[in-house]
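Number of protein chains: 2
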Amino acid sequence: MTFNKDESAGYLANHLARLFARDLQARIKPLGLSTGTFPALLVLWENDGLTQRELIERLDIEQPTMANTLTRMERDGLIRRCKDPADGRVQRIWLTDEARALEGLATAAAEAVNADALAGLGDEERAAFQATMRRIIATLQASADDRDTPARGRTESL
Amino acid sequence: MTFNKDESAGYLANHLARLFARDLQARIKPLGLSTGTFPALLVLWENDGLTQRELIERLDIEQPTMANTLTRMERDGLIRRCKDPADGRVQRIWLTDEARALEGLATAAAEAVNADALAGLGDEERAAFQATMRRIIATLQASADDRDTPARGRTESL
DNA sequence: TAACATTGCATATCAAGCTATGCAAGTGGT
DNA sequence: ACCACTTGCATAGCTTGATATGCAATGTTA
Numbered sequence: 002m003t004f005n006k007d008e009s010a011g012y013l014a015n016h017l018a019r020l021f022a023r024d025l026q027a028r029i030k031p032l033g034l035s036t037g038t039f040p041a042l043l044v045l046w047e048n049d050g051l052t053q054r055e056l057i058e059r060l061d062i063e064q065p066t067m068a069n070t071l072t073r074m075e076r077d078g079l080i081r082r083c084k085d086p087a088d089g090r091v092q093r094i095w096l097t098d099e100a101r102a103l104e105g106l107a108t109a110a111a112e113a114v115n116a117d118a119l120a121g122l123g124d125e126e127r128a129a130f131q132a133t134m135r136r137i138i139a140t141l142q143a144s145a146d147d148r149d150t151p152a153r154g155r156t157e158s159l
Numbered sequence: 002m003t004f005n006k007d008e009s010a011g012y013l014a015n016h017l018a019r020l021f022a023r024d025l026q027a028r029i030k031p032l033g034l035s036t037g038t039f040p041a042l043l044v045l046w047e048n049d050g051l052t053q054r055e056l057i058e059r060l061d062i063e064q065p066t067m068a069n070t071l072t073r074m075e076r077d078g079l080i081r082r083c084k085d086p087a088d089g090r091v092q093r094i095w096l097t098d099e100a101r102a103l104e105g106l107a108t109a110a111a112e113a114v115n116a117d118a119l120a121g122l123g124d125e126e127r128a129a130f131q132a133t134m135r136r137i138i139a140t141l142q143a144s145a146d147d148r149d150t151p152a153r154g155r156t157e158s159l
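If you're matching them up, the sequences are chains A and B in order. Taking our numbering, the leading residue of the first sequence gets 2, the next gets one more, and so forth. Taking our numbering, the leading residue of the second sequence gets 2, the next gets one more, and so forth.
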């Protein structure tokens with residue numbers, strides 16, 4: 002009974018994510034954007050002036066990963082980092098006008114990727130798929146928390 | 002009507018894949034393995050002596066990515082690359098005894114990740130989820146082919 | 001207030017993915 | 001045999017993800 006990658010949820014999720022990323026990259030490269038900055042932009046388009054930590058929490062990305070992404074975004078003229086006057090440690094992230102101007106085209110590109118990927122699926126199948134993804138994400142986040150904070154008394158993991 | 006990342010299949014797929022990778026990484030690091038080599042090992046455990054190209058086709062990975070992965074695997078004593086006597090271009094990939102010895106523990110770790118992730122889902126929900134992932138993968142692969150081979154006469158893209 | 005802990009961010013280093021490019025080894029046509 | 005094309009792989013250089021570590025600024029506490 003050999004392990005079959007094509008029936009492994011983890012392998013399929015990895016493959017699926019790579020295909021989504023390839024598609025998105027192809028569509029947003031003409032806008033001068035890349036896949037790694039996209040999630041940060043989605044958050045910032047909704048709410049400017051966040052700290053790095055707030056971005057990290059909203060996106061479930063490790064802090065050094067976000068720091069590097071923000072450095073690239075600053076280099077590419079998408080954001081500016083400004084010191085918080087009240088707390089000398091904090092750098093607040095502000096979008097440039099150029100980044101704000103890209104919101105419409107960029108989100109349209111992302112919606113096109115989703116529409117492309119989900120074409121051929123019924124409404125209920127799409128809804129079920131996304132609901133299941135969210136449930137698994139929640140499960141894996143909880144088990145990651147267990148790894149970080151090992152056993153707070155109840156439900157010892159044998 | 003702002004784009005909502007938490008309802009975007011692409012964003013969810015990316016997040017899900019990162020969580021799967023974190024979990025797998027935590028479990029196979031003690032074995033001296035990493036997530037990038039894992040898919041290659043799954044294929045090679047089933048069938049040794051493949052060429053790089055054959056691995057690429059089975060895993061849908063770009064060729065230079067696979068070349069780098071194989072270099073790391075060789076460095077870490079998991080594989081050996083041997084010139085094909087019949088074709089001087091080809092390097093056939095052979096597992097070392099060390100790599101073969103890891104199959105049981107490694108696949109058990111991967112199964113544990115999947116079991117962990119899918120805990121709380123019913124059998125039919127798991128089956129539906131994996132079926133949908135496979136359908137979307139197929140859809141995205143087809144549309145990538147369209148990008149590479151643009152319009153062979155029929156079904157021009159607008 | 002001095003000592004210690006925490007918080008926010010940066011840097012170094014690596015893995016894992018990608019595109020672009022180069023080159024050697026085969027293949028095919030003339 | 002020679003030229004052009006194709007195939008298989010490697011290398012260079014980038015992005016995106018991670019861990020480990022350091023450090024300055026802030027909080028806390030004796």
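Glycine included, each C-beta is placed from N, C-alpha and C at the ideal position. Note that the structure is predicted; figures quoted are calculated from it, not measured.
| Item | Value |
| --- | --- |
| If I measure Cβ to Cβ from D98(A) and keep anything under 6 angstroms in the same chain, skipping five residues before and after, which residues do I get? | none |
| On the CB-based measure, 16 or more other CB atoms within 10 Å of its CB, does R19(B) come out buried or exposed? | buried |
| Examine the Cβ distances between the region 48 to 58 of chain B and the region 85 to 94 of chain B and report whether three or more of them are shorter than 8 angstroms. | yes |
| Tell me whether P31(A) is buried or exposed, calling it buried when 16 or more other Cβ atoms sit within 10 Å of its Cβ. | exposed |
| Any chance you could list the beta strand (DSSP E) runs of at least 3 consecutive residues sitting entirely within the region 56 to 101 of chain B, in chain order? | 80 to 84 and 92 to 96 |
| At 8 angstroms on the CB atoms, spell out the chain B contacts of T38(A), in chain order. | Those within 8 angstroms of T38(A) in chain B number zero; the least Cβ separation is about 13 angstroms. |
| Using a C-beta cutoff of 9 angstroms, does N15(B) count as contacting chain A? | yes |
| Is there at least one Cβ from chain B nearer than 9 angstroms to L56(A)'s Cβ? | no |
| Can you confirm whether V114(B), when its beta carbon is compared against all beta carbons of chain A, has any partner nearer than 9 angstroms? | yes |
| By a C-beta neighbour count over all protein chains shown, 10 Å radius and 16 as the cutoff for buried, is P86(B) buried or exposed? | exposed |
| Could you name the residues of the region 65 to 80 of chain A whose beta carbon sits closer than 9 angstroms to any beta carbon of chain B, in the order they occur along the chain? | none |
| Leaving out five residues on either side along the sequence, give the residues of the same chain with a beta carbon under 8 angstroms from the beta carbon of V44(A). | L51, L56, R59 and L60 |
| For a cutoff of 9 angstroms on Cβ pairs, would you count K6(B) as touching chain A? | yes |
| Answer with yes or no whether the minimum CB distance from S9(A) to chain B is below 9 angstroms. | yes |
| Can you pull the chain B neighbours of I94(A), defined as C-beta to C-beta under 7 angstroms? | Simply none; closest approach about 17 angstroms. |
| Which of the three DSSP states is assigned to T156(A) in this structure? | With a pLDDT of 36 at T156(A), under the threshold of 50, the modelled position of that residue is not reliable, and no figure is offered here. |
| Leaving out five residues before and five after T36(B) in sequence, what residues of the same chain have Cβ atoms less than 6 angstroms from its Cβ? | A22, L25 and Q26 |
| Which of helix, strand or coil does DSSP assign to L51(B)? | strand |
| If you run the structure through DSSP and keep just helix, strand and coil, what is G37(A)? | coil |
| What residues from chain A crowd round D124(B), counting only those whose CB sits closer than 8 angstroms? | Ordered by position in chain A, no residue passes the 8 angstroms Cβ test against D124(B), which lies about 13 angstroms from the chain. |
| Taking C-alpha atoms, which residue in L141(B), R135(B), L79(B) and L122(B) lies nearest to A132(A)? | L122(B) |
| Compare the C-beta of R29(A) with all C-beta atoms of chain B and state if any pair is closer than 9 angstroms. | Checking the sequence, you will find Ile at residue 29(A) rather than Arg. It does not; no Cβ of chain B falls within 9 angstroms. |
| Using a Cβ-Cβ cut-off of 9 angstroms, state whether V91(B) counts as contacting chain A. | no |
| Distance, Cα to Cα, R81(B) vs E63(B)? | 20 angstroms |
| With DSSP as the reference, label A120(A) as helix, strand or coil. | coil |
| If you measure between the beta carbons of L34(B) and L103(B), is that distance less than 9 angstroms? | yes |
| With a 10 Å radius around its C-beta and 16 neighbouring C-beta atoms as the bar for buried, classify K6(B) as buried or exposed. | buried |
| Excluding five sequence neighbours on each side, which residues of the same chain lie with their C-beta closer than 7 angstroms to the C-beta of R76(B)? | none |
| Can the beta-carbon of N69(A) be found closer than 9 angstroms to that of A10(B)? | no |
| Along the region 134 to 149 of chain B, what residues have a CB closer than 8 angstroms to any CB found in chain A? | M134, R135, R136, I137, I138, T140, L141, Q142, S144, A145 and R148 |
| Could you check whether the Cβ of R23(B) sits closer than 9 angstroms to any Cβ belonging to chain A? | yes |
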